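K.L.:
In the UniProt record's numbering, the protein residues as written are 1 to 96.
1) Does the distance from the CB of residue 33 to the CB of residue 22 come in under 8 Å?
2) Which one of 64, 2, 60 and 35 has the shortest CA to CA distance from residue 8?
3) Using only the alpha-carbon positions, how far apart do residue 79 and residue 94 sit?
4) How big is the Cα-Cα spacing for residue 76 and residue 87?
5) Which full runs of the alpha helix (DSSP H) of 4+ residues lie inside the UniProt domain "Ribbon-helix-helix protein CopG" (6 to 43), going along the chain?
6) Just to check my reading of the structure: residue 69 and residue 81 have Cβ atoms closer than 8 Å, yes? What is that Cβ distance to the nearest angstrom?
7) Nearest-angstrom Cα distance between residue 85 and residue 92?
Dropping the structure here:
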């Protein structure tokens, strides 16, 4: 790296251990892992690229189209599918 600045950060023990394990799994240093994570975070804060926005729009359109088809043609399973999707999101993310 050309111009670097040293920044000290205090992390809770579980996060520090997870970072160490992730760095080892990626065969990189913790410093590099944190640098990459921060770059990803800052990219997200700065806003998605045009390609990212197009992909998100396409996904939303696809999901909405499928939902509309299911609502109209398969009304008997629509609620069940929504409940299953919510249960899976709960399991994956901890909240729907």
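Glycine included, each C-beta is placed from N, C-alpha and C at the ideal position. Bear in mind that the values here come from a model prediction, so they are computed numbers and not experimental data.
P.N.:
Reading off the structure:
1) Taking the first residue of the chain shown as 1, we reach residue 33 at position 33. Taking the first residue of the chain shown as 1, we reach residue 22 at position 22. In contact: residue 33 and residue 22 (Cβ atoms closer than 8 Å).
2) Along the chain shown, one-based indexing puts residue 8 at 8. Checking every option, the nearest Cα to that of residue 8 belongs to 35.
3) By one-based count along the chain shown, residue 79 stands at place 79. By one-based count along the chain shown, residue 94 stands at place 94. If you take the alpha carbons of residue 79 and residue 94, they lie about 21 Å apart.
4) Locating residue 76 in the chain shown gives position 76, counting from the first residue. Locating residue 87 in the chain shown gives position 87, counting from the first residue. Those two C-alpha atoms are separated by around 19 Å.
5) 13 to 25
6) On the chain shown, position 69 is the one that residue 69 refers to. On the chain shown, position 81 is the one that residue 81 refers to. The pair is not a contact, with the Cβ atoms about 11 Å apart (cut-off 8 Å).
7) Mapped onto the chain shown, residue 85 falls at position 85. Mapped onto the chain shown, residue 92 falls at position 92. If you take the alpha carbons of residue 85 and residue 92, they lie about 10 Å apart.
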